[in-house]
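Student: Chains as they are written, first to last, in this note's numbering: chain A, 5 to 100; chain B, 5 to 100.
(1) Could you name each continuous alpha helix (DSSP H) segment of 4 residues or more that falls completely within the stretch 46 to 98 of chain B, going from the start of the chain to the end?
(2) Assuming contact is defined by CB atoms lying nearer than 8 Å, are residue 9(B) and residue 62(B) in contact in what I supplied?
(3) Mind checking if residue 36(A) is an interface residue toward chain B, Cβ cutoff 8 Å exclusive?
(4) Measuring CB to CB, does residue 89(B) end up less than 8 Å from residue 69(A)?
(5) Any Cβ of chain B within less than 8 Å of the Cβ of residue 77(A)?
(6) Rounded to a whole number of angstroms, what is the C-alpha to C-alpha distance between residue 39(B) and residue 51(A)?
(7) Along the chain, where does the beta strand (DSSP E) that runs through residue 10(B) open and close?
(8) Looking only at its chain, what residues have a beta carbon closer than 6 Å to the beta carbon of residue 31(A), apart from the 5 residues adjacent to it on each side?
(9) To the nearest whole angstrom, what separates the beta carbons of residue 34(A) and residue 6(A), a pair I think is in contact under 8 Å?
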């Protein structure tokens with residue numbers, strides 16, 4: 005299943021920059037960065053429970069926010085990209 | 005139908021800050037800001053064609069990016085929020 009993770013972390017608050025880095029690093033373990041604070045995580049329910057727990061532990065719920073969009077399995081038809089740095093299609097052919 | 009619009013605009017590039025403001029203003033006309041560069045646009049196909057056209061006209065496709073996620077009509081069950089500034093539920097009861 006694909007879970008889209010978007011986040012805002014208050015880097016102007018104490019420890020904000022550190023939290024931002026930790027959120028990004030967690031998401032990078034499970035998914036693909038498609039924009040600065042947007043990750044696409046093609047993930048199974050067990051991995052998702054772990055990632056979600058870790059993310060909620062990291063943020064300061066008073067100042068930061070996480071949004072999770074559950075796009076299901078047939079998600080590629082739901083996504084359109086325009087402009088720079090299109091997401092790498094991990095399932096696509098590897099071309100050298 | 006709900007279209008999630010996420011964007012990255014290269015503010016370090018000439019005219020970047022201006023493009024960022026214009027993208028946000030366009031999205032504000034049709035939707036609700038839920039995070040810094042994430043908008044939820046509950047919109048009909050005609051309005052969407054207009055917004056999409058305007059956004060593509062504004063950005064510099066070499067340096068900026070737009071991602072559109074088509075979440076359909078039954079989208080509320082697909083979204084989860086944790087932390088600060090939850091999106092206002094426009095269909096929810098107005099409580100004074």
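Backbone N, C-alpha and C fix where the C-beta goes; we use that ideal spot for every residue, glycine too.
Tutor: With the given structure in hand:
(1) 49 to 62
(2) Taking the first residue of the second chain as 1, we reach residue 9(B) at position 5. Taking the first residue of the second chain as 1, we reach residue 62(B) at position 58. No, they are not a contact pair.
(3) Mapped onto the first chain, residue 36(A) falls at position 32. Taking Cβ atoms only, chain B never reaches closer than 8 Å to residue 36(A), which makes this a no.
(4) Residue numbering aside, residue 89(B) sits at position 85 when the second chain is read from its first letter. Residue numbering aside, residue 69(A) sits at position 65 when the first chain is read from its first letter. Contact flag set, yes.
(5) Walking along the first chain from the start, residue 77(A) turns up at place 73. Judged by the 8 Å Cβ criterion, residue 77(A) is not in contact with chain B.
(6) By one-based count along the second chain, residue 39(B) stands at place 35. By one-based count along the first chain, residue 51(A) stands at place 47. So the two alpha carbons sit approximately 25 Å from each other.
(7) Here residue 10(B) corresponds to residue number 6 of the second chain, with the count starting at 1. Start and end: 6 to 12.
(8) As a working mapping, residue 31(A) is identified with position 27 in the first chain. Correct list, in chain order: 9, 43.
(9) The residue given as residue 34(A) occupies position 30 in the first chain. The residue given as residue 6(A) occupies position 2 in the first chain. Not a contact, Cβ separation roughly 11 Å.
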